[in-house]
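Here is the structure we will look at.
In the numbering used here, the protein residues as written are 337 to 960.
In structure tokens, the structure reads:
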């Protein structure tokens with residue numbers, strides 16, 4: 337028995353060619369995947385068919401005068417991965433290549449190619465059936481058996497010229513060993529390149545008619561492959577959603593004006609592992625400067641120790657906390673930090689991070705401090721004002737007693753002297769002097785009473801005793817008190833009271849004070865020959881409008897607020913000539929407001945002044 341001298345070399349060369357064919361198919365897989373319908377299996381079959389020309393050109397010779405080729409293995413691989421169309425394309429290409437190369441045993445090669453195509457198509461069809469196992473161990477065993485069957489089919493042609501039985505047996509053993517191994521190897525080499533197992537290059541199917549809603553996919557993957565594809569699709573969708581969500585979170589963290597820190601409590605010192613741009617904007621520290629550091633570098637001598645203790649205790653207890661403390665920027669300036677710290681736990685309940693949100697509340701704290709200081713100043717001023725008011729009230733109360741006692745004596749004695757109760761005084765001038773003393777005393781007593789009334793009103797101690805009054809009678813009574821002075825100044829007193837006025841519900845003393853003060857001012861500041869008019873009517877709300885108008889010197893509009901202030905006097909030649917206390921209008925205003933009403937002044941220089949007092953009436957009385 338003689339072995340072919342180059343049998344081992346030929347075997348190695350054929351193995352290398354098979355590896356090259358598998359590598360070539362793997363490189364072409366992306367290009368093939370972009371082809372649709374029948375193009376993908378046909379092109380794959382042509383590619384493997386062209387590759388089959390290489391082993392056909394280098395047939396294996398184990399013993400002299402016998403050869404066999406691994407060409408059927410490539411045809412079988414094409415059929416296994418592309419079905420009928422790929423098998424036909426590979427077989428046709430292999431036959432054409434063998435004919436062109438003029439290799440030995442062309443007829444045997446053609447038979448082997450056709451047999452390989454048929455076997456591969458059958459196996460491809462079985463793999464397409466549900467529950468066939470796809471590309472598992474049973475499929476690879478079937479591939480090896482197909483290779484063994486191919487070797488047995490080709491043996492009669494290969495052993496036709498062998499005379500020795502030993503050489504024939506050796507050749508048969510080599511063919512039966514090499515061919516199944518080559519088929520199985522190519523199946524393994526080309527399957528990963530497709531990316532899908534046996535359904536990577538399916539047979540083309542007729543296109544769906546236009547009337548169908550949706551055409552079925554060209555292939556129906558096996559149950560295991562379909563589940564894997566669905567899982568991959570779901571995972572890709574989930575990854576895309578997570579990526580988008582992550583981008584949104586990164587944008588939110590980057591654009592927020594608040595500082596954001598993330599620390600790792602599982603490392604010594606609970607160091608910072610993340611800092612956003614807002615932290616840099618507030619503190620001046622860049623992220624790379626603080627990564628790996630403990631947050632205590634922001635604290636300083638003015639940081640509240642109690643706030644630090646509360647923060648440390650909450651971190652030790654792994655619970656959220658909010659504290660406001662004074663921190664330090666990189667340049668040494670202080671700022672007020674409202675720090676909110678929250679723990680982060682994983683699905684097992686293990687603490688993995690702390691998240692700290694930093695808010696610069698310096699402006700807010702300063703505004704609160706300024707407000708507190710202002711409130712304290714107002715409180716102090718209020719206390720001082722109340723103290724001054726109490727002091728004034730006490731002074732006026734004491735003065736009223738000290739002044740009224742001798743003043744009443746002066747008024748009484750002057751009245752007795754004026755009346756000459758105990759006999760004539762002698763010279764007539766004494767009576768005039770007594771009259772002047774009495775008038776001055778009465779004026780001084782009126783002034784004291786007015787001051788006391790104002791102080792009582794300001795202190796809230798002035799009590800009203802309202803009753804139903806006849807307004808015409810009250811007006812007539814007050815006109816009699818100023819009639820003598822009006823006649824002396826040649827003034828005309830006029831009353832314009834609306835008919836049918838109901839009784840006025842008011843305090844009698846306060847009402848007369850209002851009328852007397854208004855009439856006295858009108859008579860005092862009206863030049864001789866003028867007119868003073870007293871009018872009364874009801875407004876739309878049935879409140880009494882009581883007005884006193886004169887044709888006097890008038891008041892400038894800008895001076896009206898001053899005239900309503902206690903002791904406020906308006907500058908003017910006649911004002912200075914007829915100087916008063918400046919208490920009449922303020923008292924009228926206060927008394928009107930005690931009745932729930934108010935006062936309105938309209939005046940024009942050189943024309944005159946009208947003062948209107950509004951006195952509301954109780955609703956129950958109006959309804960009656």
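Glycine is no exception: its CB is placed at the ideal position from the N, C-alpha and C atoms.
For residue 704 and residue 669, the rounded distance between their alpha carbons
Between the alpha carbons of residue 669 and residue 704 lies a gap of roughly 20 Å.
Per DSSP, what are the beta-bridge partners of residue 298 in this structure?
A question about residue 298 goes unanswered here, because the residues of the chain that appear run from 337 up to 960.
Exposed or buried, residue 680, counting other C-beta atoms within 10 Å across all chains shown (16 or more means buried)?
Under this definition residue 680 is an exposed residue.
Between the CA atoms of residue 721 and residue 647 - distance to the nearest angstrom
Just so you know, the alpha carbons of residue 647 and residue 721 end up roughly 45 Å apart.
Count Cβ pairs between the segment 651-670 and the segment 560-576 that sit closer than 8 Å; are there 3 or more?
Taking one beta carbon from each stretch, the segment 651-670 and the segment 560-576 have fewer than 3 pairs nearer than 8 Å; the two do not touch.
May I ask you to list the residues that DSSP assigns as paired with residue 689?
Per the DSSP secondary-structure output, residue 689 pairs in a beta bridge with 680.
Any beta-carbon of chain C closer than 9 Å to the one on residue 847?
Within the model displayed, chain C is absent; a lone protein chain is all it includes.
Residue nearest to residue 825 in terms of C-alpha spacing, selected from 799, 796, 856:
The shortest CA-to-CA distance from residue 825 to any of 799, 796, 856 is the one to 856.
With a threshold of 8 Å, are at least 3 pairs of Cβ atoms found where one atom belongs to the segment 932-948 and the other to the segment 884-894?
The segment 932-948, when compared against the segment 884-894, does touch it at the 8 Å Cβ threshold.
Less than 9 Å between the beta carbons of residue 947 and residue 885, yes or no?
Contact flag set, yes.
Can you tell me where the beta strand (DSSP E) holding residue 943 begins and where it ends?
For residue 943, there is no enclosing beta strand (DSSP E), as DSSP marks it with neither H nor E.
Rounded to whole angstroms, what is the Cα-Cα separation between residue 692 and residue 624?
Looking at the two C-alpha atoms, the distance is approximately 17 Å.
If you count every other CB in all the chains shown that lies within 10 Å of the CB of residue 457, and 16 or more means buried, which is it?
Buried is the call here.
Give me the Cα-Cα distance between residue 745 and residue 780, rounded to the nearest whole angstrom.
When rounded, the separation of the alpha-carbon atoms in residue 745 and residue 780 is 13 Å.
Buried or exposed (CB count within 10 angstroms, at least 16 for buried), residue 949:
Residue 949 is buried by the Cβ-count criterion.
Among 671, 790, 576, which one has its Cα closest to the Cα of residue 699?
Measuring from the Cα of residue 699, the nearest candidate turns out to be 671.
Below 8 Å, how does it come out for the segment 810-825 and the segment 861-871: are there three or more Cβ pairs, yes or no?
Touching, yes.
Which one or two residues does DSSP pair with residue 856 in a beta bridge?
None; residue 856 has no bridge partner.
Beta carbon of residue 851 nearer than 9 Å to that of residue 840:
Judged by beta-carbon spacing, residue 840 lies beyond the 9 Å limit of residue 851, meaning their Cβ atoms are not closer than that value.
Starting from residue 776, trace the alpha helix (DSSP H) both ways and give me its first and last residue.
In the DSSP assignment, residue 776 falls within the unbroken alpha helix (DSSP H) covering 764-795.
When DSSP labels each residue in this structure, what does residue 878 get in the three-state scheme?
Here residue 878 sits in coil by DSSP.
Can you tell me whether DSSP reads residue 834 as helix, strand or coil?
Looking at residue 834 - three-state DSSP - the assignment turns out to be coil, as it is neither helix nor strand.
Nonlocal neighbours in the same chain, by C-beta distance under 6 Å from residue 770, ignoring five residues either side
Scanning its chain for C-beta atoms nearer than 6 Å, with the 5 sequence neighbours on each side dropped, one finds around residue 770 the residues 750, 753, 754, in chain order.
Can you have a look at residue 688 and say buried or exposed, based on whether 16 or more other CB atoms are within 10 angstroms of its CB?
Answer is exposed; the Cβ neighbour count stays below 16.
Label residue 408 either buried or exposed according to how many other C-beta atoms from any shown protein chain fall within 10 Å of its C-beta, with 16 as the threshold for buried.
Per the 10 Å Cβ criterion, buried.
Three or more C-beta pairs below 8 Å linking the segment 804-815 and the segment 785-793:
No: fewer than three Cβ pairs fall under 8 Å.
Coil, strand or helix - residue 962 by DSSP:
Given that the chain is displayed from residue 337 to residue 960, the structure contains no residue 962 and the question cannot be resolved.
Between the C-alpha atoms of residue 714 and residue 725, what's the straight-line distance to the nearest angstrom?
Using only the alpha carbons, I get a separation of about 16 Å.
If contacts are defined as beta-carbon pairs under 8 Å, then residue 921 and residue 868 qualify, I think. What distance do you get, rounded to the angstrom?
Your pair residue 921 and residue 868 does not check out as a contact, with CB atoms roughly 16 Å apart and the cut at 8 Å.
Of the choices 888, 452, 816, whose alpha-carbon is the least far from that of residue 943?
Checking every option, the nearest Cα to that of residue 943 belongs to 888.
Among 859, 797, 837, 814, which has the Cα closest to the Cα of residue 821?
Of 859, 797, 837, 814, the smallest CA-CA separation from residue 821 is found for 859.
Whole-Å CB distance - residue 594 paired with residue 630, under 8 Å assumed:
Wrong, their Cβ atoms sit about 20 Å apart, outside the cutoff.
Under the three-state reduction of DSSP, which class applies to residue 651: helix, strand or coil?
Residue 651: helix per DSSP, three-state reduction.
So, at 6 Å on beta carbons, what are the nonlocal neighbours of residue 952 in its own chain, with the 5 sequence-adjacent residues on each side left out?
Around residue 952, the same chain offers 879, 932, 933 as residues with beta carbons nearer than 6 Å, after the five sequence neighbours per side are excluded.
Given a cut-off of 9 Å, decide if residue 452 and residue 412 are closer than it, judged by their beta-carbon atoms.
Yes.
How is residue 950 classed by DSSP in three states: helix, strand or coil?
Secondary structure of residue 950 (DSSP, three-state): strand.
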